[in-house]
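Below is one structure, written out as structure tokens; comments come after it.
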Amino acid sequence: MNTDIAIAILATAITAGTPIMYAALGEILAERAGILNLGVEGMMLVGAVSGFILALHTSNPWAGLLLAMLAGGFMALIHAFLTITLKANQVVSGLALTLFGTGLAGYIGKSYVGIRLPESFRAVPVPVLSDIPIIGPVLFNHDPLVYLSYFIVPALWFLVFRTRAGLNLRAVGENPAAADSVGINVFRTRYIYVIAGGMLAGIGGAYLSLHYVPVWVENMTAGRGWIAVALVIFATWNPANAIWGAYLFGGLDALGLRLQTLNVTVSPYFLKMLPYIFTVLVLILVTRRNMLSRRGSPKALGLPYDREER
Amino acid sequence: MIIRGTRLTIEKRLVPSSSAYLLIPIFSIFMALLVGSIFLYFSGHEPVAVYYKMFKGAFGSRYGITETIVKAIPLTLVGLGVALAFRMQLWNIGGEGQLYMGAFAATWVALTFPEGSVWWVMPAMIALGMLAGGLWALLTAIPKAIWGVNEIITTLMLNYVAILWVDYLVYGPWKDPAGFNFPLTAVFSDAATLPGLFDSRVHAGLFFGIVAAIILYLVVYHTRWGYEIRVTGENPGAARYAGMNTTRNIMLVMLFSGALCGLAGMSEVSGIGHRLQHGLSPGYGYTAIIVAWLSRLNPFAVILVAILFGGLQVGGFIVQTSGIPSSMVYMLQGLLLFFVLGGELLTGYRLNRVPATGEATK
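Protein chains in written order, with the numbering used here: chain Z, 1 to 310; chain S, 1001 to 1362.
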């Protein structure tokens, strides 16, 4: 394989991995606060469709991105209210969010299916850096959302592990009763990070409809939201690790696409199965590894917090 | 606890309210339709007229009622399957994929033995359909039981794989040469076709659902093994302490759960399509999750709720002619589940009115 093809695959791996990364970062925040949100797929779809519609009408992808964030955040707010305030079952509420989001996105996007976005996010080569051989074209010839992710990953890592707010966040996810007793507002903390997580999922969805494709197709996330949930376990709830997992899945996507164009004799249906099978296998390996090294999920993940039962 | 600005207090009930069990679903349906009507209104439809048309389409004629039952059959079977798993806190979200694998295996029997007699072809289709669905679920149950691998993600990922597998077959090796290039297999022989009922599309798969509900009820509530499942679901620690074999039970429950979903797939190809085709399920596996939760995992309630959701599916199909996207049905289903979840708070709590001047503050 010559270097040009390798560079093209690596660059595509980054674009294909970016939406999954945004969604996974969002889910890491929510789960760090102790709230499992299985509505990622639904939040991404609503983000994708709302961002697309506004970007189409305003010819401004940034406006679309903003709306996608708000829409994702609003979706997450429903989950937050049900699971934090009403203490509903987090698994079922998340599933409901995905079903609702899939239906809602299909409903409002019906008349927009297949329209091509005139003004999408386009690649902007970074001056100087993009001239570096190999690294330049792989890392620095992308759209603004990829560059944004280069900053968000270290920023979130710093937030979670090096700030007071991050310490509070982790305390709420590990032991909400103890966090409460030292004066941390458990309910507010959980609301903030679940909603922030929804906003990031919204960006992930909008990335698909505003850059990666860029058209709106029903169910265009095709399970990426669920892969993001798996990625959180892979990343052991650490934002810095999400980057490797996301690019690994992106690479698989890119490889599948590339193989199809190279007239490989494998049926495209089998190539399309790869990311899903890979997710299952990786999840099994990672769960075993986490178990052996005692790296588990936040202790209070999935459990409602009830002050009366403290 | 005081709700700010009002004189109402929320008090925890010691025993959940029993009247709420019935009121919550009714209240939830009403609220879901109400919120749904907002979306309908803003996309230029007359909500009341749409709902009336849906209801009339699903329950207002002989054809509508039989079509509703047609949709309720797979919803019942998959609903029973996932309810069994949910009972043990096993989140089998893979009903859709298990349904597809059951349909695949049953189709294999039908296509491989077109000359076979009904006396063994039909039992073989049922057995292999259930086996395929069960094994597909077992693939996720083994890592769950041994290492605690999250079954929500693995069952869901395998849905995509199963659907792609069936697509591969119907677009490729199994495509009917006489099918004008449509993604479907050849039509099954009569021996491989479930008999129809009531002179309609309703088929003998109806009995599968009823029989499965009775068996599940007896097993879950009247056997030792059923007791183990219930205990494990409610208190895994206690189950382990009492010496119950949780690892084995996880695998068995997922195997049976998948088998019921596989049976749904078998009855769809044998009773409805009479062939395997692309897009054979409009998301029964996902709708069944709501059916199971709404029926509080009670096998007989599953049948009733499945009929209701079958009607929703048929009604949604009817109003598509008025330009309402089919996705509205899924939106309503999601909303319904939100309100059911929210309403569950009411079963555990009670609102008390407190005299405005009283010392009500805490």
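By construction, the Cβ of each residue, glycine as well, lies at the ideal position given by its N, Cα and C atoms.
Is the shortest distance between the beta-carbon of residue i and the beta-carbons of chain Z less than 8 Å?
| i | result |
| --- | --- |
| F1027/S | no |
| T1154/S | yes |
| P1074/S | no |
| E1046/S | no |
| E1344/S | yes |
| I1160/S | Reading off the sequence, residue 1160/S comes out as Tyr, not Ile. Closer than 8 Å: yes. |
| D1176/S | no |
| P1299/S | no |
| G1358/S | Note that G1358/S scores 45 on pLDDT, short of 50, meaning its location in the model is unreliable and no value can be drawn from it. |
| P1183/S | no |
| F1039/S | yes |
Quick one: grab the DSSP three-state call for residue i.
| i | result |
| --- | --- |
| L1280/S | coil |
| W1136/S | helix |
| G1116/S | coil |
| H79/Z | helix |
| H211/Z | helix |
| H1222/S | helix |
| N168/Z | helix |
| W216/Z | strand |
| G1273/S | helix |
| S1327/S | helix |
| N141/Z | strand |
| G1196/S | strand |
| V124/Z | strand |
Express the C-alpha separation of residue j and residue i in angstroms, rounding to a whole number.
| i | j | result |
| --- | --- | --- |
| A230/Z | G1094/S | 15 Å |
| F1386/S | W1108/S | The displayed coordinates of chain S run from 1001 to 1362. Any statement about residue 1386/S would go beyond what the structure contains. |
| W157/Z | I1142/S | 34 Å |
| N168/Z | A178/Z | 11 Å |
| R294/Z | F187/Z | 28 Å |
| P1047/S | Y112/Z | 22 Å |
| V1329/S | Y1041/S | 15 Å |
| F140/Z | A123/Z | 9 Å |
| I227/Z | T1247/S | 26 Å |
| I108/Z | W216/Z | 11 Å |
| T1068/S | M43/Z | 31 Å |
| N1181/S | D253/Z | 29 Å |
| L1158/S | W1136/S | 8 Å |
Since residue i is in the alpha helix (DSSP H), which residue starts that stretch and which ends it?
| i | result |
| --- | --- |
| H1203/S | That residue, H1203/S, is in no alpha helix (DSSP H); it is neither H nor E in DSSP. |
| K299/Z | That residue, K299/Z, is in no alpha helix (DSSP H); it is neither H nor E in DSSP. |
| I277/Z | P268 to L292 |
| K87/Z | It is not in any alpha helix (DSSP H) - K87/Z carries neither H nor E in the DSSP assignment. |
| V113/Z | From DSSP, V113/Z is part of no alpha helix (DSSP H); its letter is neither H nor E. |
| V40/Z | V40 to T58 |
| I1303/S | P1299 to I1318 |
| Q1089/S | Per DSSP, Q1089/S belongs to no alpha helix (DSSP H) and is neither H nor E. |
Is the distance from the Cβ of residue i to the Cβ of residue j below 8 Å?
| i | j | result |
| --- | --- | --- |
| F1055/S | G1315/S | yes |
| A96/Z | L1341/S | yes |
| T287/Z | W1147/S | yes |
| Y207/Z | T18/Z | yes |
| A33/Z | Y147/Z | no |
| M1101/S | A1058/S | no |
| A1191/S | V1121/S | yes |
| I134/Z | I7/Z | yes |
| G72/Z | G202/Z | yes |
| G1279/S | L99/Z | no |
| L67/Z | S50/Z | yes |
| G225/Z | V40/Z | yes |
| G245/Z | F234/Z | yes |
| I78/Z | V232/Z | no |
| T1287/S | F1309/S | yes |
| Y1217/S | P1299/S | yes |
| V172/Z | T189/Z | yes |
Does residue i have its Cβ less than 8 Å from a Cβ in chain S?
| i | result |
| --- | --- |
| V92/Z | yes |
| V280/Z | yes |
| A96/Z | yes |
| R288/Z | yes |
| V229/Z | yes |
| Y107/Z | yes |
| G103/Z | yes |
| F187/Z | no |
| S181/Z | no |
| K299/Z | no |
| W226/Z | yes |
Beta carbon of residue i: closer than 7 Å to some heavy atom of the ligand NAD?
| i | result |
| --- | --- |
| L255/Z | Annotation note on the ligand NAD: not contained in the displayed structure, which lists no ligands. |
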